[in-house]
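S.K.: Numbering-wise, the sequence shown is residues 32 to 358 according to the numbering used here.
So that we are looking at the same thing, I have put the structure below in structure tokens.
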Amino acid sequence: MPFPRLRTAALAVSAAAALAATACAPAGLQGAPSDPPSTSGSPTVTPTPPVSPSAPSTETPPPTPPATPDPSVTSPTPSDTPSVPATPPDQLIPGSNHIGAAAEYAYSAKTVQRWISGKKKPPKKKLVFLTFDDGPNHKTTPIILDALKEADARATFFVVGSVIDDAPELLQREIDGGNSIALHSWSHDYSKLYPGRVANPKRIEKEYLDTLAKVQEVLGKDFDTEGWRYPGGHMSWRNMAPADEKLAAHGVSWLDWNADTADSAPTSRRPTTVEAMVRNATMPIRAEQKVAVVLGHDTPDKTLTAKSVPAIIKAYKKAGYTFGIIR
32 MPFPRLRTAA LAVSAAAALA ATACAPAGLQ GAPSDPPSTS GSPTVTPTPP VSPSAPSTET
92 PPPTPPATPD PSVTSPTPSD TPSVPATPPD QLIPGSNHIG AAAEYAYSAK TVQRWISGKK
152 KPPKKKLVFL TFDDGPNHKT TPIILDALKE ADARATFFVV GSVIDDAPEL LQREIDGGNS
212 IALHSWSHDY SKLYPGRVAN PKRIEKEYLD TLAKVQEVLG KDFDTEGWRY PGGHMSWRNM
272 APADEKLAAH GVSWLDWNAD TADSAPTSRR PTTVEAMVRN ATMPIRAEQK VAVVLGHDTP
332 DKTLTAKSVP AIIKAYKKAG YTFGIIR
């Protein structure tokens, strides 16, 4: 889709500066298995027993063609039928963070991060990922879930392990609504995660594992997720590569954002009206970006954020975006 380049670039530069200043605080990865050794051998050809000679012949007999192996023995045809039946649309897909019906709009954190960082060409269709950090709680999380259901939209909830016991039943409600759950640490304590503003890889890995275990305690061992968001954002801290590697060893990738409601900005710059919050959250529309990852929070004090969700959804729908979730 062609757009004016100068206007897009200016907005993107302005957005990057705003995100670094107003994020929720000062504000991947692979291995390839080796191929198994081949177990199929060459077919054994049984020699033809000798025949008693008859009268000598003056003609040279034609050569005997080599035996052709039976393909049905050495090359079995693989079956196209899955060995495990498809997950019902209203049930959690084993090894995932969403129900079966949500699979068609679930994207990996690594891919989405590469899109918004410009390291990967964006998809043809416009996508928006609403994300809410720091929950769950009984005050704002239900309001957000109601708004999502009413508008037939979806979101990803980056949960904090230490608060899950405050509202454990909301995790199931998030999943049942076609949303996804990803992880956002256990403590959300910068001094423990990034002492001296430098990442502590062992602490970060431990908080990932503890938070995953807590979510599985509520939703069952079938739950798993690729998605992780660093408290304060990956952009805010130093020496992050070792922590990234620790997470990657568990199949986990981190995700930042490119749109911020600014609901955790310093009080003097925090929006005080729905209109102002919607304007912050919809910056990618004005910047003509194909992929938007919107940062919001569902802590108990973020009532304005919760009230703004319907208008944010409406704006993105009007602009032609499809709602996705992070798997």
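Just so you know, even glycine gets a beta-carbon here, dropped at the ideal spot from N, CA and C.
From this set, N311, A346, W285, which residue's C-alpha is nearest S148's C-alpha?
M.R.: For the residues N311, A346, W285, the minimum Cα distance to S148 belongs to W285.
S.K.: Count the other CB atoms, across all protein chains shown, that sit within 10 Å of the CB of D196; report buried if there are 16 or more and exposed otherwise.
M.R.: Looking at its Cβ environment, which holds fewer than 16 other Cβ atoms inside 10 Å, D196 is exposed.
S.K.: Since T162 is in the beta strand (DSSP E), which residue starts that stretch and which ends it?
M.R.: That run of the beta strand (DSSP E) goes 158–164.
S.K.: In whole angstroms, give me the CA-to-CA distance for D165 and A117.
M.R.: Approximately 32 Å, taken between the alpha carbons.
S.K.: Out of K252, G192, D207, which one is the CA nearest neighbour of E238?
M.R.: Here the closest residue by C-alpha is G192.
S.K.: Counting along the chain, where does the alpha helix (DSSP H) carrying S222 start and finish?
M.R.: 221–224 is the span of the alpha helix (DSSP H), which, as asked, contains S222.
S.K.: How long is the line joining the alpha carbons of A337 and G351, rounded to whole angstroms?
M.R.: Those two C-alpha atoms are separated by around 22 Å.
S.K.: So the candidates are M314, A230, Q122, P173; which of them puts its Cα closest to the Cα of L278?
M.R.: Nearest option by C-alpha distance: A230.
S.K.: Indicate the three-state DSSP secondary structure (helix, strand or coil) for H328 in the structure shown.
M.R.: Three-state result, H328: strand.
S.K.: Reducing DSSP to helix, strand and coil, say where D253 ends up.
M.R.: D253: coil per DSSP, three-state reduction.
S.K.: Taking the alpha-carbon of G209 as reference, which of S218, V309, L176, S222 has the nearest alpha-carbon?
M.R.: Closest option to G209, Cα to Cα, is L176.
S.K.: Just to confirm my understanding: we take T353, look at its own chain, exclude 5 residues before and 5 after, and list those with CB closer than 8 Å. What are they?
M.R.: Once the five neighbours on either side are set aside, the close Cβ partners of T353 are Y136, K156, K157, L158, V159.
S.K.: What does the alpha-carbon distance come out to for the pair V143 and V322?
M.R.: Their backbone Cα atoms lie some 8 Å apart in a straight line.
S.K.: Since A140 is in the alpha helix (DSSP H), which residue starts that stretch and which ends it?
M.R.: That run of the alpha helix (DSSP H) goes 140–147.
S.K.: Just list the residues that DSSP pairs V190 with in beta bridges.
M.R.: Note: V190 sits in a beta bridge opposite L214.
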